[in-house]
Structure formats: structure tokens, C-alpha cells
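Residues in the sequence shown are numbered consecutively from 33, following UniProt numbering.
All C-beta atoms, glycine included, are put in the ideal place defined by N, C-alpha and C.
What follows is one structure encoded as C-alpha cells, with my remarks underneath.
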Amino acid sequence: HLAVIEAAEPQLQAFLKVSAQEALAQADEFDALSDEDKAKLPELAGVPIAIKDMIVTEGIETTAASRILEGWVPPYDATVIERLKAAHMPILGKTNLDEFAMGSSTEHSAYQNTMNPWNTECVPGGSGGGSAAAVAGFEAPLALGTDTGGSIRQPGAFTGTVGVKPTYGAVSRYGAIAMASSLDQIGPATRSVLDSALLYEVIGGHDKRDSTSIPEPVRPAAEAAREGAKRDLKGMKVGLIKEIGGEGFQQDVLDRFNECVKLLEDMGAEVVEVSCPHIGYALSAYYIVMPSEASSNLARYDGMRYGLRVMPPVDVPQTAANMMSYTREAGFGDEVKRRIILGTYALSAGYYDAWYGSAQKVRTLIIDDFNKAFDQVDVLICPTAPTTAFKFGDKIEDPMAMYVNDIATIPANLAGLPAMSIPAGLSGDGMPVGFQFLAPQKRDEVMYKPAAALE
Ligand code: GLN
């Protein structure tokens with residue numbers, strides 16, 4: 033994989049940092065284990081992995097693709113990294129993303145653009161475009177991402193890979209750089225459904241260092257994926273979300289989606305239409321909740337504690353407040369600033385109830401919709417994204433156009449549900465299309481079965 037990285041990186045630019053020496057040392061350590069010790073490790077032991085640079089790694093620079101964290105070397109590992117290390121999975125490096133995971137194309141990275149391996153004129157999706165491109169481009173067999181509004185699944189759809197957002201709280205967020213804490217979740221980016229299941233089982237499970245971590249063992253996802261590979265879905269009830277997939281969806285995305293629905297039926301699943309009437313408000317609610325939480329989380333980048341510090345010019349008073357403002361002006365990109373301003377406004381006195389309070393109420397209505405839907409069916413389905421990968425520059429000047437690309441992924445984050453995107457074939461111009469499954473909370477295994485059956 034290091035050789036592929038060396039050959040592909042000049043063009044793909046999926047990695048912000050390649051940790052070759054560390055990876056080789058970890059691989060040697062694994063090789064040195066006795067067969068007996070190896071047998072006790074998870075199935076993925078020894079398999080290398082790439083990590084989105086939104087997850088902290090001890091001794092390896094972690095920037096969240098922001099200038100404000102340039103040069104910051106974390107003194108500790110995220111829980112998921114500890115677990116990968118315990119499983120002897122070498123860490124290949126840190127992958128590119130939209131700054132602080134804000135974006136849908138990875139173009140908001142402060143450092144570089146990552147190409148889509150299917151067509152280098154197209155974006156790899158975002159925010160986790162680096163992880164998805166690394167996996168699609170065979171630079172890494174596995175990767176980790178973070179998904180706050182689709183940042184694992186939409187890049188999965190754009191690059192023809194599998195992207196999973198586990199149930200909120202199923203994977204520890206300790207050491208995941210906080211974007212919007214009530215929505216963030218770490219999850220796998222892989223080339224197969226079974227790989228995702230196995231990786232989820234390595235990183236998942238309770239962690240006392242994350243107060244929102246679910247105090248239960250990981251769900252049997254690999255078993256479900258293996259069961260699904262038999263392609264028998266008799267007795268499974270699948271709900272097609274009526275409100276997602278109409279206007280604004282590319283025709284060949286809908287065509288591939290409908291073909292997959294037909295395949296599910298051929299394998300014995302019963303597919304019915306279900307309604308989630310409030311889902312149309314999800315995007316609006318997300319763009320209140322997410323910036324609000326981010327504006328609060330990003331207050332920690334003050335020039336004192338981490339990374340970049342910019343002192344005011346000599347003719348400006350050398351106060352702490354001025355230092356903060358010069359640091360933040362230089363260290364944050366436009367999209368990050370836009371969200372901080374939005375969030376600060378939504379949370380400000382006098383506006384709190386009108387904006388943040390209303391968004392939280394909408395969120396509850398969406399959760400109720402999903403609960404009602406799951407009374408009728410086992411899993412829900414919809415396309416992952418309205419379009420296939422778009423060209424560099426197409427949406428970067430138009431935040432709304434960029435935001436709308438998350439319309440089908442955001443509802444799962446608002447409701448804390450597990451969701452997964454798998455490849456569903458190609459569009460007319462040869463770009464990958466994503467198919468999404470959503471399962472009930474804390475029942476992640478439920479989506480792995482039909483996903484493995486379809487793949
Ligand atoms: N595109 C979404 C946003 O910009 C997704 C972010 C994410 O999942 N990290 O907010």
C-alpha cells in the first residue's frame with residue numbers, strides 16, 4: 033500500500049500525511065507475533081488503514097485540514113486508534129477533508145484538493161473525500177471517517193465504496209475532533225460490506241471516556257453481512273422513503289436506485305413505500321443545529337491552546353483578544369467562518385428559541401417519523417446523494433448548492449440512526465451511484481444483511 037500511495041499521491045492527493053515509518057514498525061510488530069497470539073486478534077489484524085485527519089493520533093500531526101491546527105501533534109490517541117493498534121492494524125497516514133469536516137467536496141481543505149479516482153476532474157465528495165479516495169484508489173484497503181451530516185456516506189457514494197455511519201454512541205468519539213457533538217460519529221470507509229462490518233466491530237463498543245457512548249457491546253455486524261451474502265432476504269421488510277428521491281435527483285441516480293430495489297425484491301424482500309413527512313425540514317434543522325454546536329466547539333481554537341498563533345502587528349495593542357482575532361482570521365477558512373457566524377447568531381439571546389429551539393423540535397418530529405416507519409419495516413432505503421460526483425469548482429461559490437447535496441444523508445444524523453451507503457452501479461457518464469440503508473437505533477447489524485446481499 034505504501035508503494036501504491038507513492039505512485040498515486042502526486043495525482044490523487046488523498047493524504048495530508050503518510051506515516052510510512054510508523055506503519056512499517058506496526059507491521060513488523062504484527063509479523064513478530066506468534067501464530068497463537070495472531071489467532072486471538074480480530075480478523076482484520078495486520079491489515080493497514082488510513083485515518084481521516086479529524087481523528088487524533090499520538091505523535092502524528094493532526095490538522096482537521098485547517099491552518100489553525102497546523103503543526104499540532106496530539107499527545108494522545110483517540111479511542112478508535114487505540115483499538116486499531118490493539119488489533120495490530122498499521123496506520124498508513126492521515127487523509128484530507130474539508131476543513132473541520134465542513135463541506136461536501138473536500139474543496140474546503142486548507143491544504144489541497146483530493147481527486148476522485150474515477151474521474152480526476154471530479155470531487156471525491158466530502159467531507160471525508162480523502163478517506164474515500166484512498167480506499168477507491170487502492171492506496172488503503174480500509175479507512176476511518178467521521179459523519180456529522182453524511183461525510184462518510186456521500187464520499188462513499190461518489191467513489192463507489194462502502195461508507196457507514198454507525199448508531200450515534202456506538203463508536204467512541206473520544207479523540208474525534210468535535211464538529212457538532214450531537215451529530216458526529218466515527219465510522220468505516222471500505223470496499224466491501226463485510227470489511228465495514230469487521231472494522232466496525234474493531235472500533236465499536238462502550239468507552240467510558242465518551243459520555244454519550246452506549247454501554248452495550250458491539251452489534252454482530254459481520255455475522256449479518258455473511259448471512260446477507262447468501263442473497264436470501266425472505267421475510268425482510270424494506271421501506272422506501274417516499275419523500276427522498278423526487279425533484280433535484282439526477283435521473284440515472286434514480287434509475288440505479290430502482291434497479292437495486294428490484295434486486296432486493298428478487299431476493300425475497302418485501303418493499304413498501306413509507307412516509308417520513310417531516311424529512312423535508314431536515315436540511316434546514318441541520319444547518320441550525322450543526323453550526324450552533326460547531327460555533328461552540330470551535331471556540332477552543334484561540335491561539336493559546338493549539339497550533340497556530342498570530343500576534344497582532346506592532347501598531348495594534350498586543351492584547352489576548354487581538355491575538356485571538358488575528359489567529360482566527362488567519363487560521364480559519366471562509367466556510368468555517370460562515371458556520372461560526374451562523375451558529376453564534378442562532379444561539380444568541382433573543383434568537384435562541386426562534387432558531388435553535390425550533391430546530392430541536394423539528395429534530396424530534398423527524399425522530400418520531402423514523403420510529404413510526406420502523407414499526408412497519410426492518411430497514412429503510414433511499415439514494416445516498418441526489419447526484420453523482422460533480423466537477424471541481426461547480427458548487428464551491430454557492431454554499432446552498434453544496435448543502436443540498438446532503439439532503440438524503442442528514443436525516444440519519446439528526447435521528448442518531450445507523451446508515452450505510454453501498455455502490456449501486458454507474459451513471460451514464462461512468463460515475464458511481466450510492467444506495468443507502470438506514471436501520472433502527474442500536475440495531476446496526478440489521479442494515480448489513482441486505483447491504484451484503486445487494487453487493
Ligand atoms: N456536508 C456536511 C456539512 O458540511 C457534512 C459534514 C460532515 O458529515 N462532517 O456539514
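Starting from the C-beta of residue i, find all residues in its chain whose C-beta is less than 7 angstroms away, skip the five residues before and the five after it, and write them out in chain order.
i	result
E61	H120
V348	N354
D216	T178, T180, R205, A208 and A210
D344	The displayed chain sequence assigns Pro, not Asp, to residue 344. Within the same chain, P344 has close Cβ partners Q350, N354, M355 and Y358.
V36	F170 and E171
Y383	Y377
Keeping to the same chain, check which residues put their C-beta closer than 8 angstroms to that of residue i; ignore five residues upstream and five downstream.
i	result
A314	V394, I398, I439, I442, P443 and L446
P309	E275 and D401
L265	L296, M299, G300, A301, K481, P482 and A485
DSSP has residue i in a bridge; who is on the other side?
i	result
C414	Q468
L449	BP columns for L449 are empty, so no partner.
G125	V50 and A82
A221	A175 and G195
V270	V303 and V411
H203	With the sequence shown as reference, residue 203 is identified as Val, and His is not the correct amino acid for it. BP columns for V203 point to G236.
K423	C154
A208	I87
N437	N437 pairs with nothing; no bridge assigned.
N148	N151
L458	P464
I92	T89
Can you give me the C-alpha to C-alpha distance between residue i and residue j, rounded to a whole angstrom?
i	j	result
V79	P173	8 angstroms
G207	L65	28 angstroms
K197	G188	11 angstroms
P149	G157	11 angstroms
A483	A301	12 angstroms
I92	S141	18 angstroms
L73	D67	10 angstroms
M268	E259	13 angstroms
C292	P450	20 angstroms
R263	R475	20 angstroms
I113	R360	29 angstroms
T244	L101	26 angstroms
G192	E477	21 angstroms
D366	G375	14 angstroms
V303	F422	31 angstroms
M134	S459	26 angstroms
P122	A52	9 angstroms
N151	G312	32 angstroms
T138	G161	6 angstroms
Might you give, ordered along the chain, the residues of its own chain that have their beta carbon closer than 6 angstroms to the beta carbon of residue i, omitting 5 neighbours on each side?
i	result
A77	A119 and H120
F281	P418
V285	P415 and V465
Within 10 Å of its beta-carbon, does residue i have 16 or more other beta-carbons around it, so buried, or fewer, so exposed?
i	result
P107	exposed
L176	buried
I373	exposed
K70	exposed
P455	buried
D109	buried
D239	buried
N403	exposed
L56	exposed
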